[in-house]
Amino acid sequence: MPPCPPNLAKRFPFAASWIKQQLAETTFPPSFLMRAVDLYEQKRLAQNLHAPDASALAGAYGGILKTWQAALVEVITTDIITELKIDPGRQRIKDLQKEIFGRAQQSKDLKRYAVAIRHGGGRAAPMPEVPTDLKDEAREMFERHRDLLKAEVERSC
3 MPPCPPNLAK RFPFAASWIK QQLAETTFPP SFLMRAVDLY EQKRLAQNLH APDASALAGA
63 YGGILKTWQA ALVEVITTDI ITELKIDPGR QRIKDLQKEI FGRAQQSKDL KRYAVAIRHG
123 GGRAAPMPEV PTDLKDEARE MFERHRDLLK AEVERSC
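If you want this note's numbering, it's the 1-based position in the sequence shown plus 2.
Here's what the structure looks like:
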């Protein structure tokens, strides 16, 4: 399966580039794929040997798959913010992510959208209306790629 269909790659260029980079077989710095493959192989070996750390490795593998999905939400959100020139804020981005993806990044990750200059009571620019087609395409981009890392790991092992 190609990492990203052309229509979605054009609409979400940063996300498409990030997906391609993270599914590459690069070892320095290790891509998501290489880190996940390493954990998957360690997990499988530990399970075959009935090693006591097998469940910890299974948890670590599940954690990297969850981190992949959270990072995917972040890069797609970055493309939306860039396209619509949204004046970001934690709550705005959280609401936008929940509306589109049904989930939002953790609070600690949303802090990158905070604007320090507004801590004194300044106001953000009005939130532009996010077109329905953009929301639908963002949702499609996420749904299409959310399990791609797992599929690539299983294919490569």
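We put the CB at the ideal spot given by N, CA and C, even for glycine.
For the putative contact between I83 and V132, defined by C-beta atoms under 8 Å, what is the C-beta separation to the nearest angstrom?
-> By one-based count along the sequence shown, residue 83 stands at place 81. By one-based count along the sequence shown, residue 132 stands at place 130. Actually they are not in contact, since the Cβ atoms of I83 and V132 sit about 10 Å apart, beyond 8 Å.
Can you have a look at A106 and say buried or exposed, based on whether 16 or more other CB atoms are within 10 angstroms of its CB?
-> In the sequence shown, counting from the first residue as 1, residue 106 sits at position 104. By the neighbour-count criterion, in which a residue is buried when 16 or more other Cβ atoms sit within 10 angstroms of its Cβ, A106 is buried.
Can you pull the DSSP bridge partners for T29?
-> Your numbering for residue 29 matches position 27 in the sequence shown. T29 is bridged to P32.
Leaving out five residues before and five after I95 in sequence, what residues of the same chain have Cβ atoms less than 7 Å from its Cβ?
-> By one-based count along the sequence shown, residue 95 stands at place 93. Closer than 7 Å at Cβ, skipping near neighbours: T79, L112, Y115.
Going by alpha carbons, who is nearest to Q99 out of A18, G61, Q71?
-> The sequence position of residue 99 within the sequence shown is 97, counting from 1. The shortest C-alpha separation from Q99 is found at Q71.
Residue from V155, P128, M143 whose Cα sits closest to the Cα of F16 | Taking the sequence shown and counting its residues from 1, the one referred to as residue 16 is at position 14. Nearest of V155, P128, M143 to F16, Cα basis: M143.
A56 and K45 closer than 9 Å at C-beta = The residue you call residue 56 lines up with position 54 of the sequence shown. The residue you call residue 45 lines up with position 43 of the sequence shown. Yes; because the gap between Cβ atoms is below 9 Å, this pair is in contact.
Compare the Cα-Cα distances from E76 to each of I21, V117, A62 and report the closest residue.
-> The residue you call residue 76 lines up with position 74 of the sequence shown. Looking at I21, V117, A62, the one whose alpha-carbon comes closest to that of E76 is I21.
Where P54 and K87 are concerned, what is the direct C-alpha to C-alpha distance, given to the nearest angstrom?
-> Walking along the sequence shown from the start, residue 54 turns up at place 52. Walking along the sequence shown from the start, residue 87 turns up at place 85. Computed Cα separation, rounded: 50 Å.
Taking the alpha-carbon positions, what's the A38 to L151 distance?
-> Working through the sequence shown from its first residue, we reach residue 38 at position 36. Working through the sequence shown from its first residue, we reach residue 151 at position 149. In this structure, the straight-line span from the alpha carbon of A38 to that of L151 is close to 8 Å.
CB D40 to CB P32, shorter than 9 Å?
-> In the sequence shown, residue 40 corresponds to position 38, counting from 1. In the sequence shown, residue 32 corresponds to position 30, counting from 1. Yes, the pair counts as a contact, with Cβ atoms nearer than the cut-off.
Go ahead and pull the three-state DSSP assignment for M143.
-> As a working mapping, residue 143 is identified with position 141 in the sequence shown. If DSSP states are grouped into helix, strand and coil, M143 belongs with the helices.
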